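The structure under discussion appears below in the form of structure tokens.
Number of protein chains: 2
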Amino acid sequence: MRTLKVDLGDRSYPIYIGSGIRQQKALFSEAIHGKQVMIVTNETVAAHYLEDMVAMLSEDYQVDTCILPDGERYKTLATYEQIMTSLLEAKHNRTTTVIALGGGVVGDMAGFAAATYQRGVPFIQVPTTLLSQVDSSVGGKTGVNHPLGKNMIGAFYQPQAVVIDTDSLNTLPERELSAGMAEVIKYGLICDAPFFTWLENNIDDLMTLDGEKITHAIYESCLAKAKVVAQDEKEGGIRAILNLGHTFGHAIETEMGYGNWLHGEAVAAGTVLAIDLSWRLGNVTETDVARSVALLEKAKLPILPPKGMSRDAFIGRMLLDKKVLDGSLRFVLLKALGEAYVTSDFALDDFNACLDDAIEAAAQAS
Amino acid sequence: MRTLKVDLGDRSYPIYIGSGIRQQKALFSEAIHGKQVMIVTNETVAAHYLEDMVAMLSEDYQVDTCILPDGERYKTLATYEQIMTSLLEAKHNRTTTVIALGGGVVGDMAGFAAATYQRGVPFIQVPTTLLSQVDSSVGGKTGVNHPLGKNMIGAFYQPQAVVIDTDSLNTLPERELSAGMAEVIKYGLICDAPFFTWLENNIDDLMTLDGEKITHAIYESCLAKAKVVAQDEKEGGIRAILNLGHTFGHAIETEMGYGNWLHGEAVAAGTVLAIDLSWRLGNVTETDVARSVALLEKAKLPILPPKGMSRDAFIGRMLLDKKVLDGSLRFVLLKALGEAYVTSDFALDDFNACLDDAIEAAAQAS
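Chains as they are written, first to last, in full-length UniProt numbering: chain A, 1 to 366; chain B, 1 to 366.
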């Protein structure tokens with residue numbers, strides 16, 4: 001097992017990464033201070049992992065469960081209310097601990113429920129997808145979608161601990177493994193060129209879930225994220241670099257309807273757009289672009305926007321993105337491979353050409 | 001105008017109290033850092049105060065409004081979602097400022113919306129009822145009710161500023177003035193015996209809204225609350241004393257259905273129960289009890305629980321109260337007039353007798 005710490009003063013917490021560690025009760029006992037536990041999960045994850053966890057924790061705690069429907073389209077206020085109702089019906093008090101057992105959707109919703117149940121109770125993240133293990137379970141962003149925008153309702157709220165069991169990737173569909181790999185690759189692109197090179201050399205082993213290598217990739221990803229979050233918990237500045245590809249990506253997700261494109265898939269296509277724009281600004285070389293595209297393709301990710309999505313659709317969606325400050329579009333771009341920055345300083349012609357070329361390429365693709 | 005500061009490190013904020021100050025634009029400009037403002041209010045308050053405020057702020061900002069239905073029964077997730085929809089439809093970004101113009105219900109909901117819109121945007125409280133001026137607008141508690149419990153969903157979230165215009169009490173129904181006075185009297189009881197005596201001597205002038213005296217009463221109340229909140233922002237300890245009468249009071253409110261008994265009315269009847277229990281424990285004298293009851297009566301507040309509410313109903317409701325830790329009932333009681341403490345150390349016989357006597361007295365009352 002490997003351990004790292006997210007350093008946020010009195011809101012610091014440990015991240016544990018290893019094979020089979022969801023069955024190490026001590027990792028949970030350290031983080032639970034009351035007598036009640038509510039495990040929030042979804043139907044798919046429950047079938048694999050819920051019974052074991054309930055059995056383990058029931059030895060010491062009142063354990064209740066809340067099983068949500070599976071899918072991004074259920075990441076709504078209505079589902080969030082269902083968690084609140086479960087907590088109240090089982091008479092959970094302010095010392096209860098919420099455990100989020102599942103992917104990013106479960107983690108975001110259970111985290112927001114924990115942040116706002118009786119004005120805040122502790123919670124533990126047990127992310128079961130690669131995406132949530134390397135991204136959403138670390139850093140304290142919680143929330144739900146609104147029909148008018150993704151993640152528009154939520155809070156910054158840190159967990160007590162994150163328990164990442166790499167074994168849970170064995171039951172993950174390949175498409176979701178790829179989606180998670182988009183975020184892993186992102187860390188190399190934004191802040192760690194050697195890690196990017198390591199990924200190029202090991203991507204095939206990662207895609208077949210080589211245990212040691214997947215643990216390393218998750219550890220490096222969480223470490224990168226933890227460093228950025230420690231510097232800027234509430235995204236006043238540097239944290240924004242974690243959103244490489246996300247402004248384009250959110251536009252794609254929203255346009256296609258939540259859940260039709262996976263988050264990581266939309267981010268992959270968005271990342272290619274961001275790198276292409278970085279190249280047009282003279283920041284990165286054609287080789288950098290080609291290497292990035294090649295790595296994303298090896299991870300079986302889309303590198304083009306959805307066929308038929310117009311430039312107007314992109315711009316309309318992006319204007320409502322949280323990263324749009326006072327109406328001016330700001331993007332995370334690369335200064336070099338392994339170094340990201342945030343800017344609104346680019347020529348509109350370059351921006352339009354970047355989008356138009358990608359839209360054209362998508363139209364041509366079979 | 002009088003000013004005081006709630007001291008919470010980088011979340012500190014000023015409270016301004018005075019006649020007509022809702023029209024002092026500088027108080028708002030200091031606290032608004034973006035270009036957008038969303039005024040959240042209700043139908044009743046809007047009729048009196050919205051037009052002026054929109055006109056004043058429109059000189060400098062994009063001003064949008066969200067007018068909610070009036071009443072505690074609308075303090076729900078559905079109404080909260082309506083605020084979120086208004087913000088999104090008017091394309092408010094993360095630099096917007098939410099202004100809560102109204103009583104406690106508006107303040108709690110607008111505050112919770114601000115706490116969770118795009119994971120948190122600034123807000124300003126402009127409380128228009130006495131209750132919200134002396135209680136809910138100060139201290140950062142925000143939230144909505146759930147059908148299974150009052151204020152069960154919410155967050156601690158501090159405003160940028162609180163602007164208390166005493167002129168807005170002129171349009172307040174007398175019953176709501178009384179309800180607010182219950183909280184004013186509470187501050188005397190829990191931490192300020194001289195203020196309690198001052199209230200006894202000035203209650204008649206306060207009930208007729210003598211300007212100087214009402215400003216003094218609000219100032220002393222906010223000062224008392226600010227001191228307690230500065231010591232214990234998230235109610236880990238001392239802050240609980242602010243809940244004198246509230247455990248009984250919430251049981252009454254919930255049992256009667258939200259909004260049928262005003263919060264302050266339920267707190268008044270609950271306060272009498274708490275003082276009576278304090279007397280049974282030998283903490284306060286019969287004279288203290290009589291003085292408290294007399295002052296509450298002069299403020300035209302109920303001093304008995306609702307006719308027909310049984311002991312079982314009280315206990316059942318109280319077991320789900322947020323202040324019940326791990327199933328043991330804890331109460332805020334008086335050690336002396338002007339000094340509160342939190343305890344679960346009381347004989348069940350005393351507790352039962354306290355409730356039974358009050359229930360009996362309520363049954364006898366005409």
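No residue lacks a Cβ here, since even glycine has one placed at the ideal position from N, Cα and C.
Treat the numbers as computed from the prediction; the structure is a model and nothing was measured.
Cα separation between aspartate 356(B) and glutamine 24(B)?
-> Your numbering for residue 356(B) matches position 356 in the second sequence. Your numbering for residue 24(B) matches position 24 in the second sequence. About 52 Å.
Counting Cβ pairs closer than 8 Å, one from the stretch 120-139 of chain B and one from the stretch 86-99 of chain A, do we hit at least three?
-> Not touching, per the Cβ criterion.
Over the uninterrupted alpha helix (DSSP H) stretch that includes glutamine 82(A), give me the two end residues.
-> Residue mapping note: residue 82(A) aligns to position 82 of the first sequence, counting from 1. Note, glutamine 82(A): alpha helix (DSSP H), 77-89.
Buried or exposed: which applies to glutamate 176(B), given that a residue is buried once 16 or more other Cβ atoms fall within 10 Å of its Cβ?
-> Locating residue 176(B) in the second sequence gives position 176, where the first residue counts as 1. It is buried - the Cβ of glutamate 176(B) has at least 16 other Cβ atoms within 10 Å.
Cross-chain neighbours of glycine 149(B) in chain A, by beta carbon under 7 Å | If you number the second sequence from 1, residue 149(B) lands on position 149. Per Cβ cutoff of 7 Å: Leu88.
Distance, methionine 56(A) Cα to asparagine 151(B) Cα = Position 151 of the second sequence holds residue 151(B). Position 56 of the first sequence holds residue 56(A). Their Cα atoms are separated by approximately 33 Å.
For phenylalanine 156(A), go through chain B and note every residue whose CB falls closer than 9 Å to its CB, in chain order.
-> To locate residue 156(A), count along the first sequence from 1; it is residue 156. Chain B residues near phenylalanine 156(A): Arg119 and Gly120.
Which stretch, first to last residue, makes up the alpha helix (DSSP H) that contains alanine 182(A)?
-> Within the first sequence, numbered from 1, the residue matching residue 182(A) stands at position 182. Counting along the chain, the alpha helix (DSSP H) containing alanine 182(A) begins and ends at 174-191.
How would you label aspartate 60(B), buried or exposed, when you count the other beta carbons within 10 angstroms and need 16 or more for buried?
-> Within the second sequence, numbered from 1, the residue matching residue 60(B) stands at position 60. With fewer than 16 Cβ atoms within 10 Å of its Cβ, aspartate 60(B) is classed as exposed.
Short Cβ contact (8 Å threshold) for phenylalanine 346(A) with leucine 304(A) = Taking the first residue of the first sequence as 1, we reach residue 346(A) at position 346. Taking the first residue of the first sequence as 1, we reach residue 304(A) at position 304. Not closer than 8 Å, so no.
DSSP beta-bridge partners for tyrosine 16(A)?
-> Numbered from its first residue, the first sequence carries residue 16(A) at position 16. Tyrosine 16(A) is bridged to Thr3(A) and Val163(A).
Which listed residue (Thr3(B), Arg73(B) and Asp135(B)) has its alpha carbon closest to that of proline 147(B) = Here residue 147(B) refers to the residue found at position 147 of the second sequence. Nearest of Thr3(B), Arg73(B) and Asp135(B) to proline 147(B), Cα basis: Arg73(B).
Leaving aside the five residues before and after isoleucine 32(A) along the sequence, list all residues of the same chain whose C-beta is less than 6 Å from its C-beta, in chain order.
-> As a working mapping, residue 32(A) is identified with position 32 in the first sequence. So the list reads Thr97, once near-sequence residues are dropped.
Among Pro194(A), Thr85(A) and Asp70(A), nearest to methionine 38(A) - alpha-carbon criterion = Position 38 of the first sequence, counted from the first residue, corresponds to residue 38(A). Looking at the Cα atoms, Thr85(A) is the closest of the given residues.
Whole-angstrom C-beta distance between alanine 179(B) and glycine 264(B), which should lie under 8 Å | Here residue 264(B) refers to the residue found at position 264 when the second sequence is read from its first residue. Here residue 179(B) refers to the residue found at position 179 when the second sequence is read from its first residue. Going by Cβ atoms, the distance from glycine 264(B) to alanine 179(B) rounds to 3 Å, so yes, they are a contact pair.
Distance between leucine 348(A) and isoleucine 214(A) (C-alpha atoms, nearest Å) | Within the first sequence, residue 214(A) is the residue found at index 214, counting from 1. Within the first sequence, residue 348(A) is the residue found at index 348, counting from 1. Rounded to the nearest whole angstrom, the C-alpha separation of isoleucine 214(A) and leucine 348(A) is 40 Å.
Would you check if there are 3 or more beta carbon pairs closer than 8 Å linking the stretch 229-241 of chain B to the stretch 126-141 of chain B?
-> yes
Taking the continuous alpha helix (DSSP H) assigned at asparagine 352(A), which residues delimit it?
-> Residue numbering aside, residue 352(A) sits at position 352 when the first sequence is read from its first letter. Asparagine 352(A) -> alpha helix (DSSP H) spans 348-364.
Residues of its chain near aspartate 52(B), where Cβ-Cβ distance is below 7 Å and the 5 sequence neighbours each way are ignored = Counting from one through the second sequence, the residue named residue 52(B) turns up at place 52. The answer, listed in chain order, is Gln23.
Would you call proline 302(B) buried or exposed, if buried means 16 or more other Cβ atoms sit within 10 Å of its Cβ?
-> If you number the second sequence from 1, residue 302(B) lands on position 302. The residue is buried, with at least 16 neighbouring Cβ atoms inside 10 Å.
Report yes if the C-beta distance between leucine 4(A) and alanine 226(A) is below 8 Å; otherwise report no.
-> In the first sequence, the residue the question calls residue 4(A) occupies position 4. In the first sequence, the residue the question calls residue 226(A) occupies position 226. Yes.
When the cut-off is 8 Å and only beta carbons count, does isoleucine 153(B) lie next to chain A?
-> For the purposes of this step, residue 153(B) is taken as residue 153 along the second sequence, with counting starting at 1. Yes, because at least one Cβ of chain A sits closer than 8 Å to the Cβ of isoleucine 153(B).
Go ahead and label glutamine 364(B) buried or exposed: buried means 16 or more other beta carbons lie within 10 angstroms of its beta carbon, across all protein chains shown.
-> Your numbering for residue 364(B) matches position 364 in the second sequence. Burial call: exposed.
Closer than 7 Å at the beta carbon, the chain B residues around leucine 77(A) | Locating residue 77(A) in the first sequence gives position 77, where the first residue counts as 1. Per Cβ cutoff of 7 Å: Leu77 and Glu81.
Exposure of glutamate 286(A), with buried meaning 16 or more beta-carbon neighbours within 10 Å = Looking up residue 286(A) in the first sequence gives position 286. Exposed.
Own chain, CB closer than 6 Å to glutamine 36(A), minus 5 neighbours either side, in chain order = The residue labelled residue 36(A) in the question sits at position 36 within the first sequence. Result list for glutamine 36(A): Gln62, His92 and Thr96, in chain order.
Beta strand (DSSP E) segment containing lysine 150(A), residue limits | On the first sequence, residue 150(A) is found 150 positions in, with the first residue counted as 1. First-last of the beta strand (DSSP E) with lysine 150(A): 149-156.
Can you list, in chain order, the residues of its chain whose CB lies under 7 Å from that of alanine 193(B), leaving out five sequence neighbours each side?
-> One-based indexing of the second sequence puts residue 193(B) at position 193. Cβ within range, chain order: Leu337 and Gly338.
Do threonine 65(A) and valine 106(A) come within 8 Å of each other at the CB atom, strictly closer than that value?
-> Here residue 106(A) corresponds to residue number 106 of the first sequence, with the count starting at 1. Here residue 65(A) corresponds to residue number 65 of the first sequence, with the count starting at 1. The beta carbons of valine 106(A) and threonine 65(A) sit no closer together than 8 Å.
In the stretch 265-313 of chain A, which residue ranges form an unbroken alpha helix (DSSP H) of at least 4 residues, counting only runs that do not cross its ends?
-> Listed in chain order, the alpha helix (DSSP H) elements of length 4 or more contained wholly in the stretch 265-313 of chain A are 286-298.
From aspartate 210(B) to valine 184(B), what does the alpha carbon distance come to, in whole angstroms?
-> On the second sequence, residue 210(B) is found 210 positions in, with the first residue counted as 1. On the second sequence, residue 184(B) is found 184 positions in, with the first residue counted as 1. Here the alpha carbon of aspartate 210(B) sits roughly 15 Å from the alpha carbon of valine 184(B).
Determine, using beta carbons only, whether threonine 116(B) comes closer than 8 Å to chain A.
-> Taking the first residue of the second sequence as 1, we reach residue 116(B) at position 116. Taking Cβ atoms only, chain A reaches closer than 8 Å to threonine 116(B), which makes this a yes.
Around the C-beta of alanine 46(A), are 16 or more other C-beta atoms found within 10 angstroms, so that it is buried, or is it exposed?
-> Along the first sequence, read from residue 1 onward, the residue named residue 46(A) stands at position 46. Buried, since its Cβ has 16 or more Cβ neighbours within 10 Å.
Quick one: grab the DSSP three-state call for tyrosine 61(B).
-> Working through the second sequence from its first residue, we reach residue 61(B) at position 61. If DSSP states are grouped into helix, strand and coil, tyrosine 61(B) belongs with coil.
Lysine 141(B) touches chain A at which residues, Cβ-Cβ below 8 Å?
-> Along the second sequence, one-based indexing puts residue 141(B) at 141. What lysine 141(B) touches in chain A: Arg119.
Find the residues of chain A that neighbour methionine 318(B), judging by a C-beta separation of less than 7 Å, and give them in chain order.
-> Along the second sequence, read from residue 1 onward, the residue named residue 318(B) stands at position 318. Within chain A, no residue comes near methionine 318(B); the closest Cβ sits about 12 Å away, beyond 7 Å.
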